[in-house]
Each structure stands twice: as C-alpha cells, then as structure tokens.
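Encoded as structure tokens, the structure appears first; notes follow it.
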Amino acid sequence: DTGVSQNPRHKITKRGQNVTFRCDPISEHNRLYWYRQTLGQGPEFLTYFQNEAQLEKSRLLSDRFSAERPKGSFSTLEIQRTEQGDSAMYLCASSFRDGGEKLFFGSGTQLSVL
Amino acid sequence: QKEVEQNSGPLSVPEGAIASLNCTYSDRGSQSFFWYRQYSGKSPELIMSIYSNGDKEDGRFTAQLNKASQYVSLLIRDSQPSDSATYLCAALMDSSYKLIFGSGTRLLVRP
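Protein chains in written order, with our numbering: chain W, 17 to 130; chain P, 67 to 177.
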C-alpha cells in the first residue's frame, strides 16, 4: 500500500491556460474522488468515480472542468481556460467499495493561477 | 444554510484537558459521519467514523452522534500539543456518494 499519489505537487500557470492533474489511487480501491480546498475551508466535493464510471459531479463544477478515469485506474482532472478563482489545493481521495466511505487522501496539487 | 456546520475556532485548551469539537448537519437522511484531522499544509486523515446514535471510543478519541438533534461531536481526552490541527467533520449525504465536509475547527493545545 503506497497510498494515494498525486502529481504534480505544485502548478503555477497563467490565466487562460489549461492544466491537467493526475491521481493514482490505492491499488485495490475502486472509488475515486476529487475535492478542492481553499484556505480556511473544508474540502469541496467535485466529482466521484466508481471504477471507470463517473457517477456524480458537483453542480458547482463548470464545463471548464473535466475528469476521467480510464480503465478504472488512475484519474486525471483537467481545467481549461484557468481563472484566478481556480487557485486552490486539488485533493484526490480513494476508498474501497465496502470501506464505508473511509476516504484516504493524497497530498494534493496546489494550483496557482497568475 | 451549509450542509455541515462547524465553529471555525480556534479552540484553545491546555495540555491534558478534554477538547470538545462539535458539528451539525442539515440532511436528516445522512447515515455516516466522519472526523478528519488536517495538519497545516497536509491533507486530511481519517481519525473516527460513526454510524449509530451514541458514543464510539477509540483510544483518546470519542465520537458522539445524535441523529434526532443532527449533531456530531468529537472528544479528545488528555489533549497533547501534537493534537493541534484543524478537525473536519464530514457527513455522507443520503442517496449520494459524496462526502460533505464542514469548514473545520482549529484546535490549539497549549503546553
């Protein structure tokens, strides 16, 4: 068990650019979540996958955000035409189907949009 | 109204005291509740889960759930400076897969 891995750890980009983050969940976990967290706030739910199927997506997620989980393994989160308001820590978490939604978080990707 | 509400704190307690952290939730159908600890600059880590009314103890930690009052709490006995962190309450929404977090309570344990 190597834990949830996220890359990159930090990303600085200019407004209007596209960015992509990667998450590798714990190998036997079939559920994968993306959250966003800003300073002083709790993690905000973005989207959820069970295996390769995206089962839920936050209403707050604009169409500039897209997530994939091909073959039910790693996942990518892409943000198109980034805005300064997208600056946040993007957290990935995974859990096992019968694990009672006990989420294990990765270290996150800190995005700064200049 | 936020779905999961917590007092942001900081809650300051002396070393060795009991720290009491509270949380309320709005979805009456929520069945599962969690407490996560988050150190500054780190990601959240699960410390307790509770699914039934009453108390659940794990070492120095006790989680309490009262579904009638829609209230969850976490007690930390014999608080240590290493317990200083932000504590996040989370609830699993009814008929959903998403875990909703409160904004967290910052705990400071004074040596």
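For glycine and all other residues, C-beta sits at the position ideal for the given N, C-alpha and C.
All of these numbers come straight from a predicted model, not from anything done at the bench.
Does the beta carbon of residue i come closer than 9 Å to any beta carbon on chain W?
i, result
"P/I166", "yes"
"P/V138", "no"
"P/A156", "yes"
"P/F178", "There is simply no residue 178 of chain P to check, as chain P begins at 67 and stops at 177 in what is shown."
"P/Q72", "yes"
"P/S162", "yes"
"P/S169", "yes"
Closer than 7 Å by C-beta to residue i: which residues in its own chain qualify, once you throw out the five before and the five after it? Chain order, please.
i, result
"W/K73", "T63"
"W/D102", "I95, L127, V129"
"W/S82", "E94"
"W/E117", "S111"
"P/S86", "S139, L141"
"P/K133", "N119"
"P/R94", "Q136"
Suppose the cutoff is 6 Å on Cβ atoms and the five residues either side in sequence are ignored; what does the same chain contact list for residue i look like?
i, result
"W/F112", "H45"
"W/N23", "R38"
"P/S136", "The amino acid at residue 136 of chain P is misidentified as Ser; the sequence shows Gln. Excluding sequence neighbours, P/Q136 sits near T90, Y91."
"P/Y105", "A151"
"P/S139", "N88, Q130"
"P/P80", "R176"
"W/F65", "L48, R85"
"W/R97", "G32, R80"
Which stretch, first to last residue, makes up the beta strand (DSSP E) that contains residue i?
i, result
"P/R172", "171–176"
"W/Q70", "69–73"
"P/E111", "111–116"
"W/Q22", "21–23"
"P/Y137", "137–142"
"P/S86", "85–91"
"P/Q52", "No answer is possible for residue 52 of chain P: it lies beyond the span of chain P, which begins at 67 and ends at 177."
"W/Q126", "125–129"
"W/E84", "81–84"
"P/D121", "120–124"
"W/T18", "Looking at the DSSP string, W/T18 is not in any beta strand (DSSP E), and its letter there is neither H nor E."
"P/P80", "77–80"
Excluding the 5 residues preceding and the 5 following residue i in the sequence, name in chain order all residues of the same chain whose CB lies nearer than 8 Å to its CB.
i, result
"P/G168", "K68, V70, E71, Q72, C89, L154, C155, A156"
"P/S161", "G95"
Strictly under 9 Å for the Cβ-Cβ distance: is residue i near chain P by that measure?
i, result
"W/E72", "yes"
Review point. At a Cβ cut of 8 Å, what residues of the stretch 84–103 of chain W count as close to chain P, listed as they run along the chain?
Key: Residues: none.
Review point. Between the stretch 103–115 of chain P and chain W, which residues of the former have CB atoms less than 8 Å from a CB of the latter, in chain order?
Key: The stretch 103–115 of chain P vs chain W, Cβ under 8 Å: K108, S109, P110, E111, L112, S115.
Exercise for review: Mind checking the stretch 19–51 of chain W against chain P and listing, in chain order, the residues whose C-beta falls within less than 7 Å of any C-beta there?
Suggested key: Within the stretch 19–51 of chain W, not one residue has a Cβ closer than 7 Å to any Cβ of chain P.
Point to revise | Near-chain W residues of the stretch 82–99 of chain P - C-beta to any C-beta below 7 Å | key: For the stretch 82–99 of chain P, which is checked against every Cβ of chain W, the residues closer than 7 Å are S98.
Practice item. Return the chain-ordered ranges of every beta strand (DSSP E) run that is complete within the stretch 21–68 of chain W and spans a minimum of 3 residues. Key: Complete beta strand (DSSP E) runs here, min 3: 21–23, 26–29, 35–40, 47–53, 60–66.
**Study point:** Against chain P: residues of the stretch 52–70 of chain W by CB proximity under 8 Å
**Key:** Of all residues in the stretch 52–70 of chain W, G56, Q57, G58, P59, E60, F61, Y64, Q66 have a Cβ within less than 8 Å of some Cβ in chain P.
Check your understanding: Taking any Cβ of chain P, which residues in the stretch 108–124 of chain W have a Cβ under 8 Å from it, in chain order?
Key -> So the close ones are G116, E117, K118, L119, F120, F121, G122, S123, G124.
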